[in-house]
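Remarks on the structure that follows.
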Amino acid sequence: MGKTLQKIDDPQVTAFKNNDRQAMQKVYEHTYSKFRNHVFKNSGNEAEAKDIFQDAFVACWRNIKDDKFDGTGSIEAYLYTIARNKWTDHLRSPRFRKTVGPEGLSKVVQEEGDDLGADLDTKRQTMLRALNQLGDACQQLLGLFYYERKTMKQVAKDLGIAAASARNKKYRCMERLRSLAEDLTKNG
Amino acid sequence: MDREEAYWTKEEQGLFERYLMEQMEPGEKTGFESSIASDPTLNAKFLEFKALFRAIEEAGLRHAMEEFHKGVQEKGKERRLVNTSRAVFRIAATIALLMALGGVWYFYAPNANERLFEAYYVPDPGLPTVMGNSDNYDFYRAMVAYKKGDYPFAIEAWEKLRSKGVANDTLYYFLGSAHLANDQPDKGIEYFEGILEKENPAFTDETFFYLGLAYLKKDEAQQARKYLKESDLEKAKVLVEKIKD
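Protein sequences, first through last, are from chains A and B.
Going from the first sequence to this note's numbering is simple: count from 1 and add 29.
Just so it is clear: in the second sequence, position 75 is 56 by this note's numbering, and no numbers are missing.
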C-alpha cells in the first residue's frame, strides 16, 4: 500500500471523501473545459472527451479516498494530469497508434494500481455488475446512505419507512449484494 | 436470501461503514486499523465490504457526473452565444432593413396557428411521484425533472430507458410530451405516433390531442385537424374548429 501523505485538513480532500456534490461539481466543470480543449487539439471529439474524463474523475476520486493523492498540488491539476494520461493511453490504443507523437507519451502521474490494473478493473466491474443486478429498492437505499451520505433518519423519511426498518433493509441489501457478487465471481 | 448464512454481522457492517465514511474518532480508527492488521479473517471481510461499498459510491458518482456535465454544456452554450452575438447583430440589422422595406406586417402578424398553439398548449402535468416507489426509480427521477420543466434531463433519462428496451405507452407518451415541451415537435410526433402503432394503446385521447398540437406548431393544419378529430377531449373539439388553413 502507498504511503499516507495526505493533508488531513485540506477542505477539498475532505469534500471528495464525503462525496460533496458542490465541491466535486466545481472541480469537474473547471477541469473539463481545459481537458476538452486538449482533446480537441489532439484529434478527439466531445463524446471521447467526456468518457475519458469521467473515467479519470473516478480514478482521481478513488485515489483521494485511498489517501494516494499527496496533496502537493491542487486536485484540479491532479485530475487534469490523470485525464491527459488516459487520453494518451487512448491515443496509443491500436486505432490511434499512428497519430501520436513522442511528446504524447510522457507519463507524470502513474495511476495507482496500474501494475495490477487488469485484475483490479475486473473486480471493480464485477462489483458494479452485481450492483446493477440488485433490485431498484436496494440500489436506491444503499445509494442514499453510502453515496449521498444521508443519515438513517433522512433515508427513512425519503423512503417513507421507519428508521429501524431502513437499517434492517440496508443490512440485508448488502448481504444480498455480496452474494450476487460472489455468484458473478464464480460463474463469470 | 434469508436461508443463506449472513457473511457479516450487523456489528461488523456498522464498524466497516463508519470507518469508510470517516465517522470514527482518531482513537477508534487506530484501534480498528490494528485489529484488521492482526486478524486476517476480519480483514478479508472488511475488504469485501469495501469493494462493494466503493461500487455503490462509484455508481452514485457516475450518476452525479452526468449532472455535472450538463452544467459544463450549459456554460459552453452561454459562451457560444457570446461568440455568435456579432452574427446575431448582423441578422438583426438585416431584419430591421427588411422591415423598413415594407415587410413589416410579416413580422408583426404572428402566424394564426402558432397563436392557437400558444393558447391551447399546456404540457401534460405528468404523473405523481412518490419517493419510496422505487420500482421505477430512474423513470420517476426523470418525471420529477419533467415536472420541474427540466425537459432535457427528462428526455435523456427516458431515452436511456428506452434504449434499454423499455417500450411501454407511458414512457412513449412522456417522451413525446417532453420533446414537444422542449420545442421539438418532430421528435414528439415520432413518439406519439409510436404509441398509436401499438395494439390497444393507452392515453389515446391525450395522444391525439397532443399530436394535433404538435402539427399545429409545425403549421401543418391538415394533419393537426386529422388528429384532433380523433380525440374525445372537449378542448380538442373546440380547437379543431378554430384551425385555419
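Cβ atoms here follow ideal geometry from the backbone N, Cα and C, with glycine treated the same way.
Quick caveat: nothing in here was measured; it's all calculated off a predicted structure.
| query | result |
| --- | --- |
| Cβ of B:R43 versus every heavy atom of the ligand MN: is any distance shorter than 6 Å? | The ligand content of the structure shown is nil, which means the ligand MN is not present either. |
| Taking Cβ-Cβ distances below 8 Å as the criterion, which residues of the segment -15 to -4 of chain B are in contact with chain A? | E(-15), A(-13), Y(-12), W(-11), K(-9) and Q(-6) |
| Using a 10 Å radius around the Cβ and a threshold of 16 neighbouring Cβ atoms, would you call A:T155 buried or exposed? | buried |
| For B:I176 and B:D150, which I take to be in contact (beta-carbon distance under 8 Å), what is that distance rounded to the nearest angstrom? | 5 Å |
| Does A:M156 get closer than 7 Å to chain B when you measure Cβ to Cβ? | yes |
| Determine the extent of the alpha helix (DSSP H) in which A:W163 is found, giving its start and end residues. | Here the sequence assigns Leu to residue 163 of chain A, which means Trp is not the residue at that position. That residue, A:L163, is in no alpha helix (DSSP H); it is neither H nor E in DSSP. |
| For B:D186, does the three-state DSSP call read helix, strand or coil? | helix |
| Is B:A32 close to chain A? Criterion is C-beta to C-beta, closer than 7 Å. | yes |
| At the level of alpha carbons, what is the spacing between B:Q203 and B:K218? | 15 Å |
| Considering Cα atoms alone, identify which of B:K223, B:Y101 and B:Y121 is closest to B:F155. | B:Y121 |
| Check distances from the C-beta atoms of the segment 78 to 100 of chain A to those of chain B and list, in chain order, the residues that come in under 8 Å. | K79, Q83, F86, V87, W90, R91 and K94 |
| When we look at the beta-carbon of A:A185 and count the other beta-carbons within 10 Å, is it buried (16 or more) or exposed? | buried |
| With A:K94 and A:K55 assumed to form a contact (beta carbons below 8 Å), what rounded beta-carbon distance in angstroms separates them? | Contact doesn't hold; Cβ gap of about 18 Å is too wide. |
| Would B:F49 count as contacting chain A if we go by Cβ distances under 7 Å? | yes |
| Under 6 Å Cβ to Cβ from B:A159, same chain only, skipping five residues before and after it: list those, please. | Y127, Y132, A135 and I136 |
| Going by alpha carbons, who is nearest to A:L108 out of A:H59, A:N74, A:F69 and A:Q168? | A:H59 |
| Give, in chain order, every residue of the segment 12 to 44 of chain B whose Cβ lies closer than 9 Å to some Cβ of chain A. | E29, F30, A32, L33, F34, R35, A36, I37, E38, E39, A40, G41, L42, R43 and H44 |
| Is it the case that the Cβ atoms of B:A36 and A:L173 are separated by a distance below 7 Å? | no |
| Could you confirm whether any beta carbon from chain B is found closer than 7 Å to the beta carbon of A:E58? | yes |
| Which same chain residues, not among the five before or five after B:Y(-12), have their C-beta less than 8 Å away from its C-beta? | K26 and E29 |
| Would A:R121 count as contacting chain B if we go by Cβ distances under 7 Å? | no |
| What is the DSSP secondary structure of B:S144, reduced to helix, strand or coil? | helix |
| Pick from A:N197, A:D99, A:A159 and A:T117: whose alpha carbon is nearest that of A:D212? | A:A159 |
| Could you pull the start and end residues of the alpha helix (DSSP H) that B:M2 belongs to? | Unbroken run through B:M2: none, as it is neither H nor E. |
| Roughly how many angstroms lie between the CA atoms of A:T110 and A:D96, to the nearest whole one? | 17 Å |
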